[in-house]
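Going letter by letter, the sequence shown gives residues -15 to 440 in our numbering.
C-beta atoms are modelled at their ideal positions from N, C-alpha and C, and glycine is treated no differently.
Only one structure is covered here, and it is reproduced in the block below.
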Amino acid sequence: MMQNLSMSKKIWLSMSILVIGYFLTMVFGFGMGVRMETRMLSVSDYLFPASNLGQEALTAFKDQVRLYNDGIMLGDGETINRAGHEAENVQKALGGILNIPGVDETSAVQVRETLSALTAFTQEAQPVYMSMSKGENQSSRTAQLAGQTEVLRGKLLKIQQMFADSLKAELLANVQNSKQQRFLNFGVFVVVVLLGITLTGLIISRSITGPIGRIIGGLTEGANKVNDASDQVSSAGQTMATGTSQQASSIEEIASSLEEMTSMIKQNADNSLEANRVMADSDKTVLEAHTAMERLSQSMDDISNASKETQKIIKTIDEIAFQTNLLALNAAVEAARAGEAGAGFAVVADEVRNLAMRAADAARNTATLIDNTIAAVKNGTVYSETTLTAFTKTMESSKKVSSLVSEIAAGSQEQAQGIQQVNSAMSEIDAVIQKTAAIAEESASAAEDLNSQSKA
């Protein structure tokens, strides 16, 4: 079937292979980019906000418990009210998680259960701790509330850790997909280029170079026959020499057209090299995105570590506050027994002050760690913006590849025009050969007449 095609169509076919290959490479890369963009939107719109809100809920609850203890120890009802405001912040953070689009049902159920338990705890704890701040004894209910506090803290920590782990896993998956995309893009590009070059070389060697060689061989054979005839018939030799000159001119035109084709093919090869360079730049851009994503993952690790340290310090504060509460009760008992002159009250009061100082130090450490956590979150945001910028550069590189493919198509059009010129020159050669044959016949007839006349 290839033999029935014209030369221009064969050239178009050979160049179309490269164009189709580049198009498939672009489609493949675009599809992988859309997939990566979807996963990044899941991180930025769901997992990252959910992780932050989970951390805010846990921190606000710890502040609520701390304010309850401070209010009891200081006998300050306003501090108890501030604890109620912190409870509202916890509820607001949990409600924010439920309002995020895309929250799976399992996580939503867990958050709702925790929110209900927190609401019930706050409604029960607020009046109890308020009465204790006024000096009333609620030791039995305090122990019960302490147990509920630990349960709620565990639930909030579990929610925060769940979203943090999901965020980290999604970021690691994106990093792995980025690596796979980079290697797959390069592999597909190499295969397409090698296949296109191989098929184009086969088509040119079998469908263009071979026929032209046979034509030139036929022309050479015809020229030899013309030279033999010119030796036999001098008058026809001049005409045939003129025809040979025309044939030579046509052959020069063919050579010129072939040179133009060679130049165009070289230009196409240069464009292919430029496309390769652009793809290399695109690979570098994807690598930058990969690095930024790794930094974001490290930032999330810093947040997790800071949260763990905060948990330890808050636990220390809770233990100190609990002991302080017991000592305060003991001091009250001693004061009741001894009256104003009780020596035991002074010892207990001194121990209360020491424990209060330890609680203040732990609170300051907590504030420092929380500041570090906020800084780590800001760094994670900056790295996310860097990742988006890198993917924007990837899209620009894809546009450059598209422009180069357009230039290849234009070069193919010029090659088709050059082949048309070759066909036109070949038609002229055919006409000259036919004219030469007619003159040869006339020369032969004249030679026969001369031979007859000489015999006569």
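Just verifying my parser: in three-state terms, what is the DSSP assignment at residue i?
i	result
Asp60	coil
Glu120	coil
Pro85	coil
Gly326	coil
Val3	helix
Ala213	Any reading at Ala213 must be qualified, since the residue scores a pLDDT of 46, below 50, and its modelled position is unreliable; the value itself is stated next. In the structure shown, Ala213 sits in a helix (DSSP, three-state: H, G or I).
Have a look at residue i and residue j and give me their C-alpha separation to the nearest angstrom.
i	j	result
Ala374	Asp267	11 Å
Asp149	Ser291	13 Å
Glu244	Gly402	7 Å
Ala207	Ser229	At Ala207 the pLDDT is 43, less than 50, meaning the model places this residue with poor confidence and gives no usable figure here.
Thr126	Ile301	17 Å
Val217	Thr184	At Val217, the pLDDT of 42 sits below 50, so the modelled position is not reliable and the matter cannot be decided from this model.
Glu391	Phe32	44 Å
Val3	Glu236	32 Å
Gly68	Val93	24 Å
Gln110	Asn65	8 Å
Ala315	Gln122	16 Å
Thr370	Ala276	6 Å
Ser411	Ala430	29 Å
Arg279	Gln251	42 Å
Ile(-5)	Thr182	14 Å
Val74	Val49	12 Å
Leu203	Lys419	Note that Leu203 scores a pLDDT of 48, beneath 50, so its modelled location is shaky; the value from the coordinates is reported in the next line. Those two C-alpha atoms are separated by around 14 Å.
Glu154	Leu353	26 Å
Gly328	Asp345	27 Å
Asn36	Thr22	21 Å
Ser91	Arg166	34 Å
Thr294	Asp355	11 Å
Asn442	Gly86	Lying before the first or after the last residue shown, residue 442 is absent from the chain, which here runs from -15 to 440.
Thr376	Gly15	15 Å
Lys163	Asn83	34 Å
Ala359	Asp286	10 Å
Ser0	Ala415	33 Å
Asn260	Leu(-3)	22 Å
Leu168	Lys383	19 Å
Glu324	Asp334	16 Å
Glu432	Ala422	15 Å
Glu134	Gly59	23 Å
Cβ atoms of residue j and residue i: under 8 Å apart, would you say?
i	j	result
Ala409	Ser234	yes
Ala441	Leu156	Because the chain here runs from -15 to 440, residue 441 falls outside it and cannot be looked at.
Ala34	Phe147	yes
Ala71	Leu102	yes
Asn349	Ile304	no
Thr9	Val172	yes
Leu99	Leu78	yes
Ser281	Lys152	yes
Ser283	Tyr367	yes
Leu178	Glu258	no
Ser(-8)	Gln405	no
Gly5	Val176	yes
Val336	Leu313	no
Asp265	Ser381	yes
Report all residues from its chain with a CB closer than 8 Å to the CB of residue i; omit the five preceding and five following residues, and keep chain order.
i	result
Gly61	Gly55, Met114, Ser117 and Lys118
Phe271	The displayed chain sequence assigns Leu, not Phe, to residue 271. Only Arg166 meet the Cβ criterion.
In its own chain, which residues sit with a C-beta less than 7 Å from the C-beta of residue i, not counting the 5 before and 5 after it?
i	result
Gln307	Leu339
Gln132	Phe105
Arg342	Ile304
Lys46	Ile298
Val318	Correcting the residue type first, residue 318 is Glu in the shown sequence and not Val. Counting only Cβ-Cβ distances below 7 Å, and skipping sequence neighbours, we find Gly326, Gly328, Phe329 and Val332.
Phe170	Asp267
Glu398	Met248
To which residues of the same chain is residue i closer than 6 Å at the C-beta, ignoring the five residues directly before and after it?
i	result
Gly38	Ile143, Gln144 and Phe147
Ala320	none
Ser76	Sequence check: residue 76 is Lys here, not Ser. Closer than 6 Å at Cβ, skipping near neighbours: no residue.
Asn53	Ala305
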